[in-house]
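In our numbering, the protein residues as written are 516 to 655. Glycine residues also receive a C-beta, built at the ideal position from the N, C-alpha and C atoms. Only one structure is covered here, and it is reproduced in the block below.
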Amino acid sequence: RNSPPPSRLRTITPSMWIRHIYVFSAQTVAVCSRHLFTSPHPIFSTLVAATAPVFWSFFLLSGFSLFLVRRMDPECEQAFRVPWYPLPPLLFCAMSCYMLYSSIAYAKWLSLLGFAPLVPGFGLYLLGRQTSPTPTQITS
């Protein structure tokens, strides 16, 4: 036979739930951070090695975007100036290429884990582009 829960459990207010969730979250973070930094396996350095190629590829793409924007609309007044224009972005892209190569050479197959979340995101981006209306389809 089931007995009803004690009266103190029947009157849990929303603020009590928030406190319980906060304490549980704090304990979870404490346990995870303890294992993250004191584990005999280098979890944090593995995470950095796996995501470094993604980081440097985004830097490289941002350097390429500067050239692309300047080429697409050269007469447009630019929002910012680049002194000695082609040299700094070229150096930036060259260093980003080198760091991307080095991080892939260091991480080897782990770099695939870093790029894995980008694949479904890119697919969703393409799906969103196909289903979004074009400017000619929008009527005022």
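*Quick one: is PRO635 buried, meaning 16 or more other Cβ sit within 10 Å of its Cβ, or exposed?*
exposed
_DSSP-derived helix/strand/coil call for PHE579_ = helix
*Can SER572 and LEU625 be called in contact, C-beta distance under 7 Å?*
no
*Closest by CA to GLY578, which one among ARG534, MET610, TYR621 and ARG644?*
MET610
*Can you tell me whether DSSP reads VAL584 as helix, strand or coil?*
Under the three-state reduction of DSSP output, VAL584 falls in the helix class.
*Mind the definition here: the stretch 587-603 touches the stretch 533-540 only if three or more C-beta pairs lie below 8 Å; say whether that holds.*
Contact annotation: the stretch 587-603 does not touch the stretch 533-540, with fewer than three C-beta pairs closer than 8 Å.
_Where the alpha helix (DSSP H) through PRO604 begins and ends_ = 602-622
_If you follow the alpha helix (DSSP H) that PHE595 is in, where does it begin and where does it stop?_
Careful: PHE595 lies outside any alpha helix (DSSP H) and carries neither H nor E.
*Just how far apart, CA to CA, sit GLN542 and LEU642?*
Near 40 Å, if we compare the C-alpha coordinates of LEU642 and GLN542.
*Confirm, please, whether the CB-CB distance from GLY629 to VAL584 is below 7 Å.*
Contact: no.
*Label SER530 either buried or exposed according to how many other C-beta atoms from any shown protein chain fall within 10 Å of its C-beta, with 16 as the threshold for buried.*
exposed
*Between the C-alpha atoms of ARG596 and SER540, what's the straight-line distance to the nearest angstrom?*
46 Å
_Reference LEU562; option with closest CA among LEU627, LEU581, PHE582 and PHE574_ = LEU627
*Whole angstroms is fine: what's the gap from CYS547's alpha carbon to PHE559's?*
11 Å
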